[in-house]
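Everything below concerns the one structure shown next.
Number of protein chains: 2
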Amino acid sequence: MNITAVAQRARVSTATVSRVINGTAIVSAETAERVREAIEALNFYPDINARALGSGRSGLYGLIISDITNPYFPELVKSFEDIAVEHGQDILIANTDYDPKRMEACVIRMLQRKVDGVAIMTSEMEDHLLRNFNNRQIPVIFMDTPKTVRGASTVRVDYAAGVQQAMDHLFSLNHRRIGFLSGPLALSSARVRADAFTDCLREHGVASDPRFVQEGDHRVEGGRAAMQRILDSGKLPTAVMASNDLTAIGAMGALHDAGLRIPEDISVIGFDDIELSAYTRPALTTLQVPRRELAETAFRSLYRGRNEEDVKRSLKREHVIQPKLIIRQSTALASKARSAK
Amino acid sequence: MNITAVAQRARVSTATVSRVINGTAIVSAETAERVREAIEALNFYPDINARALGSGRSGLYGLIISDITNPYFPELVKSFEDIAVEHGQDILIANTDYDPKRMEACVIRMLQRKVDGVAIMTSEMEDHLLRNFNNRQIPVIFMDTPKTVRGASTVRVDYAAGVQQAMDHLFSLNHRRIGFLSGPLALSSARVRADAFTDCLREHGVASDPRFVQEGDHRVEGGRAAMQRILDSGKLPTAVMASNDLTAIGAMGALHDAGLRIPEDISVIGFDDIELSAYTRPALTTLQVPRRELAETAFRSLYRGRNEEDVKRSLKREHVIQPKLIIRQSTALASKARSAK
DNA sequence: GGTGCTTGCTAAATCGGATGAATCCATGAT
DNA sequence: ATCATGGATTCATCCGATTTAGCAAGCACC
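Here the protein sequences come in this chain order: A and B. The numbers in the numbering used here rise by one with no breaks, and the one at position 281 of the first sequence is 335. The numbers in the numbering used here rise by one with no breaks, and the one at position 175 of the second sequence is 229.
Take a look at the structure:
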């Protein structure tokens with residue numbers, strides 16, 4: 055069931071069949087129709103491996119992430135896959151597990167499969183690995199990397215603006231004693247958020263209390279532990295912001311165990327808007343990172359279709375995406391009584 | 055940078071290089087060494103597309119799931135990917151979104167990419183689609199399908215045994231008035247659980263109250279709604295079992311809103327043990343479905359390596375996996391006072 | 001010395017499409 | 001009538017590996 059069979063049935067050459075399928079050259083309407091009928095009748099679809107070999111394009115796009123088990127990623131993966139499939143492309147997913155060694159293995163897999171582009175959302179990537187892609191003219195886009203990377207496009211989330219929105223929200227609710235549960239500070243994307251927090255406090259003329267800033271690990275357990283440290287410090291903020299939702303969920307657990315009510319006693323605000331945050335009790339106020347948009351931007355930046363538009367669009371090398379404040383039930387007015395305690 | 059370059063450098067033919075790489079025939083030690091040096095020196099790795107075309111094996115395994123956004127799946131996907139990569143294979147993920155039309159598109163993608171095997175974990179698959187794989191001798195394994203499928207292996211979770219364990223646990227805690235929040239009853243894998251529940255009650259000689267059994271949708275919102283219906287019915291069970299953890303989480307939300315304490319007023323038990331269930335308040339007692347084992351069994355069933363062992367192992371057509379009860383804080387002794395209320 | 005069997009390797013066909021160059025054909029211009 | 005034009009199609013080659021058939025050398029045996 056190959057292209058030759060189709061060609062014979064339609065009484066044309068294989069080249070014509072190929073051209074009808076790909077629309078790469080003008081074929082007369084009747085011939086095209088004959089070919090299409092033959093394809094239909096034989097239930098033929100081309101072997102992508104053969105196509106990739108002949109054309110150099112594999113129709114595969116790599117997506118390197120840290121860990122699909124982190125609830126932030128599935129929606130991103132799904133969106134990325136959706137758009138890819140819409141364009142007749144497939145995706146190859148790879149988890150690095152935050153491990154540089156595995157990152158190297160991932161890159162090699164991508165190269166072997168001859169991906170047409172790679173989107174990367176995980177900590178840092180060593181230069182020599184990136185060069186592999188550059189040398190082969192494989193477009194690369196980093197998602198979520200604050201710094202600009204040579205030889206690659208970036209689409210970053212404007213974390214600072216997000217933190218600012220959150221802080222404005224808290225300030226408008228009369229909060230002044232605000233804590234921050236950061237992500238692992240070794241990650242620059244986590245540092246951006248922590249720094250933005252400090253900046254916001256300064257802008258509002260509030261002195262920051264070092265006890266109120268604790269490092270977590272962007273996971274539930276780290277959030278719980280970080281919150282516990284604040285609780286143990288003796289002095290309580292009226293609100294805490296977490297570097298991501300998992301951290302916030304952990305923090306809420308610690309607060310709950312300490313017998314504190316959210317939001318009456320203390321407000322909590324997260325970051326990311328993972329699906330589950332709508333279902334915690336109380337539902338978590340957070341910053342929505344538009345993952346669909348993130349994925350679409352990344353894919354379009356990589357994809358070079360046959361039409362001009364795509365190519366034109368792909369020229370923009372730096373994209374920024376704005377998070378959006380989602381107000382739910384975990385934040386409320388700072389009660390005077392409490393804040394004076 | 056292709057096999058010819060390596061062959062020239064090692065002063066052998068491309069066939070010899072191929073054999074050294076794949077170990078498909080005897081090559082003298084010195085020649086092999088020369089070839090390996092050349093490969094090293096040129097930093098060569100074979101083009102998988104070319105290899106797939108020549109050998110018929112793509113080294114790609116398909117994994118068709120409903121929706122990676124459902125927290126049940128990421129761990130499965132990750133495990134599957136891990137084992138595949140360990141064996142030098144890659145995976146192609148496809149979401150059906152519970153939509154038969156998309157299912158067909160997924161199958162076609164798999165066929166075009168010439169996958170070497172397909173693992174399927176989603177509702178049902180039409181026969182004519184399955185036949186596509188059978189005709190091409192592509193092994194297929196269904197995960198989570200209760201019924202045996204002709205022309206495919208299966209690895210199913212013993213849901214009935216899981217429900218039984220949960221019920222035994224509840225009975226041992228003196229619960230008699232037990233509710234059940236099912237999944238969508240159109241799904242046979244959900245029906246299995248609902249039926250097992252009824253059977254368990256009967257075995258323990260307890261009459262089931264129809265008001266206590268409500269249909270959900272295996273998602274948080276459906277669980278919340280189903281629990282609400284029980285609450286609205288006026289009569290309260292002392293414990294509820296949910297068909298999966300998301301349903302249980304929704305139910306806990308509804309109970310929380312109704313001012314009921316878990317587990318003091320009512321016990322809740324889930325199914326699946328998604329990661330988050332350890333972090334709900336209270337932490338959810340549930341049945342762990344060993345996803346890693348599920349993924350491994352599925353992959354091994356599909357993979358046919360070069361050695362005999364793999365082939366032998368792949369002969370077993372039906373596998374069953376046992377869930378395991380994980381007792382956390384959401385279940386406790388039924389209080390006399392309450393249960394008599 | 002011939003026969004048969006290994007071992008170690010090569011040349012060439014093959015997989016299934018993509019694609020640049022060449023050809024064919026109809027039309028219109030000169 | 002001749003030729004240029006350009007649209008439609010075919011031819012031949014290529015992509016980069018795998019794999020089959022086959023050859024040559026070495027060895028044992030009678």
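No residue lacks a Cβ here, since even glycine has one placed at the ideal position from N, Cα and C.
For this session: With distances taken Cα to Cα, identify the nearest neighbour of A/ARG163 among B/VAL194, B/ASP101, B/LEU300.
Result: Counting from one through the first sequence, the residue named residue 163 of chain A turns up at place 109. The candidate whose alpha carbon is nearest that of A/ARG163 is B/ASP101.
For this session: Look up A/THR208 in the DSSP assignment and give the residues it is bridged to.
Result: Reading the first sequence from its first residue, position 154 is the one you call residue 208 of chain A. In the DSSP output, where bridge partners are listed per residue, A/THR208 has A/PHE196, A/GLU372.
Exercise. Of all Cβ atoms in chain A, is any one closer than 7 Å to the Cβ of B/ALA261?
Worked result: Taking the first residue of the second sequence as position 1, residue 261 of chain B is located at position 207. Residue-level contact by beta carbon fails for B/ALA261 and chain A, as no gap is shorter than 7 Å.
Exercise. For A/GLU318, is the classification buried or exposed, using 16 other Cβ atoms within 10 angstroms of its Cβ as the cut-off for buried?
Worked result: For the purposes of this step, residue 318 of chain A is taken as the residue at position 264 of the first sequence. Exposed, since its Cβ has fewer than 16 Cβ neighbours within 10 Å.
Exercise. At what residues does the beta strand (DSSP E) containing B/ILE115 begin and finish?
Worked result: Stepping through the second sequence from its first residue, residue 115 of chain B is reached at position 61. For the record, residue 115 of chain B in the displayed sequence is Tyr; it is not Ile. Taken as a continuous stretch (DSSP letters only), the beta strand (DSSP E) holding B/TYR115 covers 114–119.
Exercise. Counting only runs that start and end within the region 121–206 of chain A, where is the beta strand (DSSP E) found for 3 or more residues in a row?
Worked result: Every unbroken stretch of the beta strand (DSSP E) spanning 3 or more residues and falling wholly within the region 121–206 of chain A is given here in chain order: 144–149, 171–175, 194–197.
Exercise. Buried or exposed: A/ALA138, going by 16 or more other Cβ atoms within 10 Å of its Cβ?
Worked result: Against the first sequence, residue 138 of chain A aligns to sequence position 84. Result: buried.
For this session: Kindly provide the ranges of any beta strand (DSSP E) runs that are 3 or more residues long and lie completely inside the region 252–277 of chain B, ordered along the chain.
Result: The beta strand (DSSP E) runs of length 3 or more contained entirely in the region 252–277 of chain B are, from start to end of the chain, 267–269.
Exercise. Taking 7 Å as the CB-CB limit, is A/GLU129 close to chain B?
Worked result: Here residue 129 of chain A is taken as the residue at index 75 of the first sequence, counted from 1. Interface with chain B (7 Å Cβ-Cβ cutoff): A/GLU129 is included.
Problem set entry | 6 Å Cβ shell around A/ILE323 - same chain, five flanking residues per side excluded | Locating residue 323 of chain A in the first sequence gives position 269, where the first residue counts as 1. Once the five neighbours on either side are set aside, the close Cβ partners of A/ILE323 are ALA220, MET295, THR339, THR385.
Exercise. Secondary structure at A/ILE323, three-state DSSP: helix, strand or coil?
Worked result: Along the first sequence, read from residue 1 onward, the residue named residue 323 of chain A stands at position 269. Residue state, collapsed to three classes: strand.
Problem set entry | 7 Å Cβ shell around A/CYS254 - same chain, five flanking residues per side excluded | In the first sequence, the residue the question calls residue 254 of chain A occupies position 200. Here the set comprises VAL217, GLN218, MET221.
For this session: Taking only beta-carbon positions, decide if A/THR150 is within less than 7 Å of chain B.
Result: On the first sequence, position 96 is the one that residue 150 of chain A refers to. Taking a beta-carbon distance threshold of 7 Å, A/THR150 does not count as an interface residue toward chain B.
For this session: Within its chain, find whatever has a CB closer than 6 Å to the CB of A/THR312; leave out the 5 residues flanking it on each side and keep chain order.
Result: Translated into positions along the first sequence, residue 312 of chain A becomes position 258. Rather than Thr, the amino acid found at residue 312 of chain A in this sequence is Ala. The beta carbon of A/ALA312 is closer than 6 Å to those of LEU285 in its chain, skipping five residues each way along the sequence.
For this session: Let me know if B/SER109 comes out buried or exposed under the rule of 16 or more other beta-carbons within 10 Å of its beta-carbon.
Result: Your numbering for residue 109 of chain B matches position 55 in the second sequence. If you draw a 10 Å sphere on the C-beta of B/SER109, you find fewer than 16 other C-beta atoms in it, and that means exposed.
For this session: Pick helix, strand or coil for B/GLN383, following the three-state DSSP scheme.
Result: Indexing the second sequence from 1 puts residue 383 of chain B at position 329. Collapsing the DSSP output to three states places B/GLN383 in coil.
Exercise. With a Cβ-Cβ cutoff of 7 Å, do A/ALA337 and A/GLN383 count as a contact?
Worked result: Looking up residue 337 of chain A in the first sequence gives position 283. Looking up residue 383 of chain A in the first sequence gives position 329. Yes, they are a contact pair.
Exercise. Assuming A/PRO377 contacts A/ASP212 under a Cβ cut-off of 8 Å, what Cβ separation, rounded to an integer in Å, is found between them?
Worked result: For the purposes of this step, residue 377 of chain A is taken as residue 323 along the first sequence, with counting starting at 1. For the purposes of this step, residue 212 of chain A is taken as residue 158 along the first sequence, with counting starting at 1. Between A/ASP212 and A/PRO377 the Cβ distance is about 7 Å, and since that is below 8 Å, they are a contact.
Exercise. Is B/ILE57 helix, strand or coil when you go by DSSP?
Worked result: By 1-based counting over the second sequence, the position of residue 57 of chain B is 3. Reduced to three states, the DSSP call for B/ILE57 is helix.
For this session: Quick one: grab the DSSP three-state call for A/THR70.
Result: Position 16 of the first sequence, counted from the start, is the residue given in the question as residue 70 of chain A. A/THR70: helix per DSSP, three-state reduction.
For this session: Count the C-beta pairs between the region 169–181 of chain B and the region 194–209 of chain B that are closer than 8 Å, then say yes if the count reaches three, no if not.
Result: At 8 Å Cβ cutoff, the stretches touch.
For this session: Can you have a look at A/ALA69 and say buried or exposed, based on whether 16 or more other CB atoms are within 10 angstroms of its CB?
Result: For the purposes of this step, residue 69 of chain A is taken as the residue at position 15 of the first sequence. A/ALA69 sits exposed, since fewer than 16 C-beta atoms from the chains shown fall within 10 Å of its C-beta.
Problem set entry | Where the region 300–328 of chain B meets chain A: residues whose CB sits under 8 Å from a CB there | For chain A, the residues of the region 300–328 of chain B that bring a beta carbon within less than 8 Å of one of its beta carbons are ILE303, GLY304, MET306, GLY307, HIS310, ASP311, in chain order.
Exercise. Rounded to the nearest angstrom, how far is the Cβ of A/LEU348 from that of A/LEU130, given a contact under 8 Å?
Worked result: Position 294 of the first sequence, counting from 1, holds the residue named residue 348 of chain A. Position 76 of the first sequence, counting from 1, holds the residue named residue 130 of chain A. Indeed, because the Cβ distance is near 6 Å, the residues count as touching under 8 Å.
Exercise. Around the Cβ of A/MET55, are there at least 16 other Cβ atoms within 10 angstroms (buried) or fewer (exposed)?
Worked result: Taking the first sequence and counting its residues from 1, one reaches residue 55 of chain A at position 1. Taking every protein chain shown into account, the CB of A/MET55 has fewer than 16 other CB atoms within 10 angstroms, so this residue is exposed.
Exercise. Do we get a CB-CB distance below 7 Å when we pair A/LEU107 with the residues of chain B?
Worked result: As a position in the first sequence, residue 107 of chain A is number 53, starting the count at 1. Output row for A/LEU107: interface = yes.
For this session: Give me the Cα-Cα distance between B/SER287 and B/ARG265, rounded to the nearest whole angstrom.
Result: Counted from its first residue, the second sequence places residue 287 of chain B at position 233. Counted from its first residue, the second sequence places residue 265 of chain B at position 211. Near 7 Å, if we compare the C-alpha coordinates of B/ARG265 and B/SER287.
Exercise. Quick one: does A/THR123 have its CB under 7 Å from some CB of chain B?
Worked result: As a working note, residue 123 of chain A is residue 69 in the first sequence. At least one chain B Cβ lies under 7 Å of A/THR123.
Exercise. Looking at the structure shown, is B/ALA293 part of a helix, part of a strand, or coil, going by DSSP?
Worked result: Position 239 of the second sequence, counted from the start, is the residue given in the question as residue 293 of chain B. In this structure, B/ALA293 counts as strand in the three-state DSSP scheme.
Exercise. Apart from the five residues on each side of it in sequence, which residues of its chain come closer than 8 Å, Cβ to Cβ, to A/ARG88?
Worked result: Position 34 of the first sequence, counted from the first residue, corresponds to residue 88 of chain A. Here the set comprises ALA64, ARG65, VAL66.
Exercise. Which two residues bound the contiguous alpha helix (DSSP H) that contains B/GLY216?
Worked result: The sequence position of residue 216 of chain B within the second sequence is 162, counting from 1. From DSSP, the alpha helix (DSSP H) with B/GLY216 extends over 213–226.
Exercise. With distances taken between CB atoms, is the gap from B/VAL161 to B/TYR115 smaller than 7 Å?
Worked result: Against the second sequence, residue 161 of chain B aligns to sequence position 107. Against the second sequence, residue 115 of chain B aligns to sequence position 61. Not a contact, by the Cβ cut-off of 7 Å.
For this session: Classify B/THR78 as helix, strand or coil using the three-state DSSP reduction.
Result: Along the second sequence, read from residue 1 onward, the residue named residue 78 of chain B stands at position 24. Residue state, collapsed to three classes: coil.
For this session: Run down chain B in chain order and give the residues with a C-beta less than 9 Å from the C-beta of A/GLU135.
Result: Within the first sequence, numbered from 1, the residue matching residue 135 of chain A stands at position 81. Within chain B, ILE122, ILE147, ALA148, ASN149 have C-beta atoms less than 9 Å from the C-beta of A/GLU135, given in sequence order.
Exercise. Using the beta-carbon of each residue, which ones in chain B are nearer than 7 Å to A/ARG167?
Worked result: Numbered from 1 along the first sequence, position 113 holds the residue referred to as residue 167 of chain A. Ordered by position in chain B, the residues that pass the 7 Å Cβ test against A/ARG167 are ILE102, ASP144.
Exercise. Between which two residues does the alpha helix (DSSP H) carrying A/ILE303 extend?
Worked result: The residue you call residue 303 of chain A lines up with position 249 of the first sequence. Taken as a continuous stretch (DSSP letters only), the alpha helix (DSSP H) holding A/ILE303 covers 299–311.
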